[in-house]
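Here is the structure we will look at.
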Amino acid sequence: MKNLRQHPIEHVRGVIPGIRPFPDVAEVFAEPVNKYARHFLPLVTIDLALLDDAWSGPIHLIAPCEPYDGRVGEWGGEEFGNALLKPDWLAFKLNDDGKYELLGDWRYFMLEQERADWAEKKHSWREVRDMHRDLVKRGVEPPFALDHEARYSWNDIMELHYALQHAIYEQARQDFLANGWNAAKPWGDAAEVAKLPLYELGTDCYDSTSGRYLLGVLGGPAWGGNWSNLTNPLLSDIGTDDGIHPIHPETGAAFEFITSTYANEFTGSDCEILLFFEPESRTVLLTFDWS
């Protein structure tokens, strides 16, 4: 399998050569690994040679733990972002070791800021009840006790959200390590899904067949959606045949679409994640469709 930029596949229902689900966090991120591991969940590592013979090395599809509500970078993207790192857009340098380095200020993320108003204990126990109970049901100790008489801060709420995202991800990772990728939805007919091909040729984003996808699309162009309907100087619609490409604000080079997946197959977020790569600067962009 090669040249997926020109010959994309979709509805990938399992592992194929050149992709590796749930890679180790130390293989995905540069130092400080612990900080990256707090904010990001590694989903799939992809061999760039699958997409273009001129490319080599790994690229990584990841999910952020934000947002609790709203957009990724909702709390700090405007103040601490830049031309690439902005609300609902994450930017990384893919270094020579094949690891990600964040292209921006860590205060893009709420939990990396120290603000008195976010630490103020003003929310009732009802704001944290459901997430707290979900963690307990999963056998995970919540970061704090639930007290009906206590008040909770925005920081508390976000810490609980992060803990739940990590718990859901870890359960999915353990399920994969034990059983492989389960291509059937919980309510689906596993026997019927087993008859489906491992993937399908081409892309038709409006034709969704049955099954649970490891990757939605791999290679080819990126078509529009809610992610591209917002006014954003990064985006350029360069024609139907070539799809929509983010444009590097410093070099003017077009980013190439790599892959997309549905975050709810790995985490507690209900969105599509799209991954782009600009090979000359080795810059990686991720954005999110909340359709």
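Residue numbers (my numbering): 111 to 401. A virtual CB, placed ideally from N, CA and C, is assigned to each residue, including glycine.
Proximity winner among D227, G249, F139, relative to Y262 (alpha-carbon distances): Numbered from its first residue, the sequence shown carries residue 262 at position 152. For the residues D227, G249, F139, the minimum Cα distance to Y262 belongs to D227.
CB of G353 within 7 Å of CB of W333, strictly: The count along the sequence shown starts at 1 and reaches residue 353 at position 243. The count along the sequence shown starts at 1 and reaches residue 333 at position 223. Yes.
In or out: A277 buried (at least 16 other Cβ within 10 Å) or exposed? To locate residue 277, count along the sequence shown from 1; it is residue 167. Classification of A277: buried, given that the 10 Å Cβ count is 16 or more.
Assign R130 to one of three DSSP states: helix, strand, or coil. As a working mapping, residue 130 is identified with position 20 in the sequence shown. Correct three-state label for R130: strand.
Is DSSP giving G326 helix, strand or coil here? As a working mapping, residue 326 is identified with position 216 in the sequence shown. Correct three-state label for G326: strand.
Between L324, P343, Y309, which has its C-alpha nearest I119's C-alpha? What you label residue 119 is simply residue 9 of the sequence shown in a count that begins at 1. Of L324, P343, Y309, the residue nearest in Cα terms is Y309.
Take the Cβ of N336 as the centre, count every other Cβ of all protein chains shown within 10 Å, and call the residue buried at 16 or more, exposed below. For the purposes of this step, residue 336 is taken as residue 226 along the sequence shown, with counting starting at 1. In summary, N336 is exposed, with fewer than 16 beta-carbon neighbours lying within 10 Å of its beta-carbon over all protein chains present.
Per DSSP, which one or two residues make a beta bridge with K203? In the sequence shown, residue 203 corresponds to position 93, counting from 1. Paired residue(s): E211, T393.
Straight-line Cα distance separating L151 from Y279: Within the sequence shown, numbered from 1, the residue matching residue 279 stands at position 169. Within the sequence shown, numbered from 1, the residue matching residue 151 stands at position 41. One C-alpha to the other measures close to 7 Å.
Roughly how many angstroms separate the alpha carbons of F202 and M241, rounded to a whole number? As a working mapping, residue 202 is identified with position 92 in the sequence shown. As a working mapping, residue 241 is identified with position 131 in the sequence shown. Taking the straight line joining both Cα atoms gives about 30 Å.
Please state whether the Cβ-Cβ distance between G187 and Y146 is less than 7 Å. Here residue 187 refers to the residue found at position 77 when the sequence shown is read from its first residue. Here residue 146 refers to the residue found at position 36 when the sequence shown is read from its first residue. It is not a contact, given that the beta carbons lie outside the stated cut-off.
If you count every other CB in all the chains shown that lies within 10 Å of the CB of Y316, and 16 or more means buried, which is it? Counting from 1 along the sequence shown, the entry for residue 316 is found at position 206. Confidence at Y316 is low in this model, with a pLDDT of 47, below 50, so the placement of that residue is unreliable and no value is reported for it.
Bridge partners - Y372, DSSP secondary structure assignment: One-based indexing of the sequence shown puts residue 372 at position 262. According to DSSP, which records beta bridges pairwise, Y372 is partnered with E382.
Is the Cβ-Cβ distance between G329 and R148 less than 7 Å? Position 219 of the sequence shown, counting from 1, holds the residue named residue 329. Position 38 of the sequence shown, counting from 1, holds the residue named residue 148. At a Cβ-Cβ threshold of 7 Å, G329 and R148 do not count as neighbours.
Start-to-end residues for the alpha helix (DSSP H) that takes in D79: Outside the modelled stretch of the chain, which goes from 111 to 401, sits residue 79, for which no answer is possible.
Using DSSP's beta-bridge definition, name the partner residues of H358. Start at 1 with the first residue of the sequence shown, and residue 358 comes out as number 248. Looking at the DSSP assignment, H358 forms no beta bridge with any residue, so it has no partner.
Tell me which same chain residues have a C-beta within less than 7 Å of the C-beta of A293, skipping the five on either side of it? As a working mapping, residue 293 is identified with position 183 in the sequence shown. The residues are R123, G124, V303, G321, R322.
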